[in-house]
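Participant: Sequential numbering from 202 applies to the sequence shown in the working numbering. Here it is, the structure, as structure tokens.
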Amino acid sequence: MDAYRVPFETAQSEFVEKRSRFISHIWRVETEEEARARIEEMKKQYYDARHNCWCYLLREGGAVRYSDDGEPQGTAGQPMLNVFQREEVTNVCCVVTRYFGGVLLGAGGLTRAYTQGAKDALDAAGTCLVSRWTLWDVPCTYPLLERVKLELTAAGAAVEGADYGADVTFHAAFPPGGEAGFAARLTELSAGALAMERRGESLRPGPREAR
202 MDAYRVPFET AQSEFVEKRS RFISHIWRVE TEEEARARIE EMKKQYYDAR
252 HNCWCYLLRE GGAVRYSDDG EPQGTAGQPM LNVFQREEVT NVCCVVTRYF
302 GGVLLGAGGL TRAYTQGAKD ALDAAGTCLV SRWTLWDVPC TYPLLERVKL
352 ELTAAGAAVE GADYGADVTF HAAFPPGGEA GFAARLTELS AGALAMERRG
402 ESLRPGPREA R
């Protein structure tokens, strides 16, 4: 399965254009139900706003939806959607709320404003790659404990638990390719006495990408 890009975290942003106030919110979502719930949440929170324009894209089923919510057709939802399509971001929901300031922006001005709203929100949220991580049991003797912890960190692994007995067994998840280098280091550190055991795999987001 190929990796795919999603928002790293929930975020919001805000700016004013010719006295109109634009408030943007963005979330990572997994289902249409979740996206719709977020949209309704914003409509209730900003019930007195002139417009709550929105869009969402989902990887599962390829759902792509948007709404101009009373703005001229093609000036809000589609430009917002284009931001995420250009950045190849999916499983995302974005709502841009507009409080009208009394000055008409025109179709071009509206398109630019809603594009900026979506882009500012995405910049605030950041992005990360969802990929298939592998899960391993990593044996460790007590004398090697701290060194193995350092090597796990260096490999980008997430330690999700440990069993302490005569020796230690870490339960670790490795990003794609991370396990190979660590396995070699474990063999080297233990003079071949220790070998980790695979126990599965899991789809999960990685660290925030540099933008």
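Ideal Cβ placement from N, Cα and C applies to all residues, glycine included.
According to DSSP, is P340 helix, strand or coil?
Facilitator: In this structure, P340 counts as strand in the three-state DSSP scheme.
Participant: Does the distance from the CB of R333 to the CB of L404 come in under 8 Å?
Facilitator: Yes, the pair counts as a contact, with Cβ atoms nearer than the cut-off.
Participant: What are the start and end residues of each continuous beta strand (DSSP E) run of 3 or more residues lying completely inside the region 243-278, in chain order?
Facilitator: Taking only runs of at least 3 residues, the beta strand (DSSP E) segments lying wholly in the region 243-278 are 252-258, 265-268.
Participant: Taking 8 Å as the threshold (C-beta atoms), are T316 and Y273 in contact?
Facilitator: For the record, residue 273 in the displayed sequence is Pro; it is not Tyr. Not in contact: P273 and T316 (Cβ atoms no closer than 8 Å).
Participant: Quick one: which unbroken beta strand (DSSP E) runs of 3-plus residues sit fully inside the region 288-355? Chain order, please.
Facilitator: Complete beta strand (DSSP E) runs here, min 3: 293-300, 328-341.
Participant: Let me know the secondary structure DSSP gives P280 once reduced to three states.
Facilitator: Of the three classes helix, strand and coil, the one that applies to P280 here is helix, per DSSP.
Participant: Rounding to the nearest angstrom, what Cα-Cα distance links A212 and I224 in this structure?
Facilitator: Each residue's alpha carbon lies about 11 Å from the other.
Participant: Are the region 332-350 and the region 292-304 touching, with three or more C-beta to C-beta distances below 8 Å?
Facilitator: Because the criterion of three Cβ pairs below 8 Å is not met, the region 332-350 and the region 292-304 do not touch.
Participant: Report the rounded CA-to-CA distance for A319 versus Y257, giving the unit in angstroms.
Facilitator: So the alpha carbons of these two residues sit roughly 11 Å apart.
Participant: For R385, does the three-state DSSP call read helix, strand or coil?
Facilitator: Per the sequence shown, residue 385 should be read as Ala rather than Arg. Helix.
Participant: Which first and last residues belong to the beta strand (DSSP E) in which V207 is found?
Facilitator: 205-208 is the extent of the beta strand (DSSP E) around V207.
Participant: Going by other Cβ atoms of all chains shown within 10 Å of its Cβ, with 16 needed for buried, is P344 buried or exposed?
Facilitator: Classification of P344: exposed, given that the 10 Å Cβ count is below 16.
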